[in-house]
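Residue numbers (the working numbering): 108 to 205.
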Amino acid sequence: MASNPAQQMQDEFLSATRKSQEIVLQAIKTWVESAQALTPKVPVPSVKLPFADQLPKPEDVVSGTYDFAEQVLANQRQFAEEILKTTAPLLPHDSKSA
């Protein structure tokens, strides 16, 4: 169980997000299965696009994008923590913890 109201709200948000993602994923799976069943097995003419072999795979794009986002978020966290350390002398201190 969550230790505080803010944590509980975060947990509920993440749970709701995951549930909605599962619903969307299931809908996409159903759509793909239906499309495959309804689409006749017609040979698709091969079309050669220039430089197509040099394009990244979709899974590489997703992976790279999230790797980059993780780095940006880690950088922002470090920056925020450094600001807190730098401004700590200006903040009121609890006399019990001092």
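Cβ atoms here follow ideal geometry from the backbone N, Cα and C, with glycine treated the same way. If you're wondering where the values come from, they're calculated on a predicted model, not measured in any experiment.
Check, Outcome
"Alpha-carbon spacing of ALA142 relative to THR193, whole angstroms", "58 Å"
"Residue range of the alpha helix (DSSP H) that includes ASN111", "Run containing ASN111: none; DSSP gives neither H nor E here."
"Inter-residue Cα distance where the pair is VAL131 and TYR173", "20 Å"
"Opening and closing residue of the alpha helix (DSSP H) in which LEU172 lies", "The question names Leu, yet the displayed sequence has Thr at residue 172. Counting along the chain, the alpha helix (DSSP H) containing THR172 begins and ends at 165 to 194."
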